[in-house]
Amino acid sequence: MIIKFVSIYLYIGVLLLSFMFINSFVRGKSSYAKAFGALSLTLQIYLLGYLVEINASSLQDMYFWNQVQYFGIPFFPALWLMVSMLYTGKGKFFQGFGGLVVFAIPIFTFLLRLSNDWHHLYYSQIGIHQFMGVNYMLLIKGPWYYVQTAYVLITLVLCTWFYFQRFRNSTGDERIQFRLLLLASVLPYLALLLVTVNLFGIGIDYTALILPPCVLLINLSLTRYNFLEIKDLARERVFEDSSAGLILVNRFYRVVDFNEASVKFFSWFNASLKEEQLEILLAKHPDLWERIKNSEDQVCHFIVAKEDRYVNVNIRSIQNKKETVGHLITFEDVTERESLKQRLTEIANTDELTGLNNR
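Heads up: the sequence shown begins at 1 in the UniProt record's numbering, then just goes up one per residue.
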């Protein structure tokens with residue numbers, strides 16, 4: 001009887017996760033909505049595999065569907081972390097090396113689980129256990145299982161901390177939203193504890209039972225209280241899609257964010273753009289750096305591919321409670337404007353008939 005209830009519960013969970021996956025990819029426009037869609041997909045694979053596993057009659061079938069689950073299990077903690085970091089404004093970490101760090105252990109877990117028959121590092125022993133007349137697959141944990149468990153714990157702690165920081169500094173509907181996200185990040189601790197201690201010794205995967213309501217809470221917070229998505233979409237449209245180069249630096253002039261257009265302008269300066277002190281990035285242009293540091297707007301002249309280029313540099317301070325917390329530096333290509341000004345100046349200073357200077 002218990003298997004029937006659990007199966008119905010998992011089946012409903014798979015359907016809901018399928019809906020959330022499709023909805024996130026079709027309707028979601030922000031980066032964290034796409035990440036949430038990927039999270040829903042991994043959990044959908046996980047729950048579907050577990051649903052078939054607990055209804056399988058032979059150990060061989062159970063083992064096969066347990067392997068299928070690992071096309072999702074190793075990756076959902078990383079995607080869970082990604083959703084939280086993107087939603088709390090820390091998504092820049094996933095660019096480049098940061099993304100490799102986060103997904104390194106999930107990839108190793110995936111490979112070790114599929115090759116477990118050769119080394120038994122993930123599961124050291126597999127067997128059948130009967131409880132209340134129902135056969136369950138009993139998996140004795142190997143050393144790498146505990147590495148993956150530690151990784152899951154670290155990602156949960158980080159998610160909880162990121163959400164708590166935003167919850168502490170939020171008010172109104174935003175506070176309600178982050179309360180839901182905090183609750184969604186706390187519940188998996190219980191699942192992790194129950195799986196680790198193997199309550200009743202029957203090998204039930206309590207994580208599969210607890211995760212669906214957690215994902216529902218996240219989905220509720222992203223859809224019911226979606227003003228942060230509006231903010232995020234506005235940022236992506238204004239910041240990312242702007243033809244002007246936009247660079248955000250902190251009060252110490254360390255680059256913390258930048259859009260794609262700013263990379264082009266820095267290539268004109270023969271400089272690379274990354275999260276580094278601006279003074280170091282502009283080492284070849286000390287005059288430009290001094291003017292930025294002194295918040296002096298300027299038009300800079302560069303030779304790019306043997307062509308004149310003019311760049312207007314604008315600096316605006318970012319205030320928080322009357323304290324400067326950073327600066328937004330804007331780089332705008334004004335080559336056409338400056339060339340026209342020079343041409344008009346030449347025309348004004350040259351006699352049209354003689355071609356001689358008027359002055």
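Even glycine gets a Cβ: it sits at the ideal position worked out from N, Cα and C.
Could you compute how far the alpha carbon of residue i sits from the alpha carbon of residue j?
| i | j | result |
| --- | --- | --- |
| residue 188 | residue 334 | 54 Å |
| residue 43 | residue 72 | 6 Å |
| residue 66 | residue 24 | 27 Å |
| residue 99 | residue 93 | 7 Å |
| residue 173 | residue 344 | 56 Å |
| residue 278 | residue 254 | 6 Å |
| residue 340 | residue 268 | 21 Å |
| residue 166 | residue 178 | 7 Å |
| residue 46 | residue 101 | 23 Å |
| residue 61 | residue 116 | 16 Å |
| residue 227 | residue 176 | Low confidence applies here, because residue 227 scores a pLDDT of 47, under 50, leaving its location unreliable and the question unanswered by this model. |
| residue 190 | residue 26 | 33 Å |
| residue 222 | residue 252 | 34 Å |
| residue 76 | residue 309 | 47 Å |
| residue 182 | residue 82 | 15 Å |
| residue 5 | residue 51 | 11 Å |
| residue 154 | residue 281 | 34 Å |
| residue 15 | residue 105 | 29 Å |
| residue 114 | residue 259 | 40 Å |
| residue 143 | residue 293 | 53 Å |
| residue 243 | residue 325 | 25 Å |
| residue 248 | residue 97 | 21 Å |
| residue 59 | residue 140 | 14 Å |
| residue 103 | residue 212 | 22 Å |
| residue 145 | residue 69 | 15 Å |
| residue 220 | residue 20 | 11 Å |
| residue 196 | residue 158 | 20 Å |
Have a look at the options and flag the residue whose alpha-carbon is nearest the alpha-carbon of residue i.
| i | options | result |
| --- | --- | --- |
| residue 49 | 13, 122, 19 and 84 | 13 |
| residue 64 | 126, 20, 107 and 17 | 126 |
| residue 31 | 103, 2, 95 and 17 | 95 |
| residue 136 | 275, 70, 204 and 249 | 204 |
If contacts are defined as beta-carbon pairs under 8 Å, then residue i and residue j qualify, I think. What distance do you get, rounded to the angstrom?
| i | j | result |
| --- | --- | --- |
| residue 265 | residue 299 | Not a contact, Cβ separation roughly 13 Å. |
| residue 57 | residue 163 | Their Cβ separation, rounded to whole angstroms, is 42 Å, which puts residue 57 and residue 163 out of contact at 8 Å. |
| residue 245 | residue 261 | 5 Å |
| residue 10 | residue 39 | No, residue 10 and residue 39 are not in contact; Cβ-Cβ is about 17 Å, not under 8 Å. |
| residue 148 | residue 109 | 5 Å |
| residue 112 | residue 152 | Contact doesn't hold; Cβ gap of about 15 Å is too wide. |
| residue 315 | residue 297 | 7 Å |
| residue 107 | residue 55 | Not really, about 30 Å apart at Cβ, beyond 8 Å. |
So, is residue i buried or exposed, given that buried needs 16 or more other C-beta atoms within 10 angstroms?
| i | result |
| --- | --- |
| residue 319 | exposed |
| residue 74 | buried |
| residue 342 | exposed |
| residue 185 | buried |
| residue 53 | buried |
| residue 35 | buried |
| residue 215 | buried |
| residue 423 | Residue 423 is absent from the structure shown; the chain starts at 1 and stops at 359. |
Beta-carbon of residue i versus every beta-carbon of chain C: anything under 8 Å?
| i | result |
| --- | --- |
| residue 281 | Among the protein chains of the structure shown there is no chain C, as only one such chain exists. |
query: How do the region 111-120 and the region 86-101 stand: do at least 3 beta-carbon pairs fall below 8 Å, yes or no?
result: no
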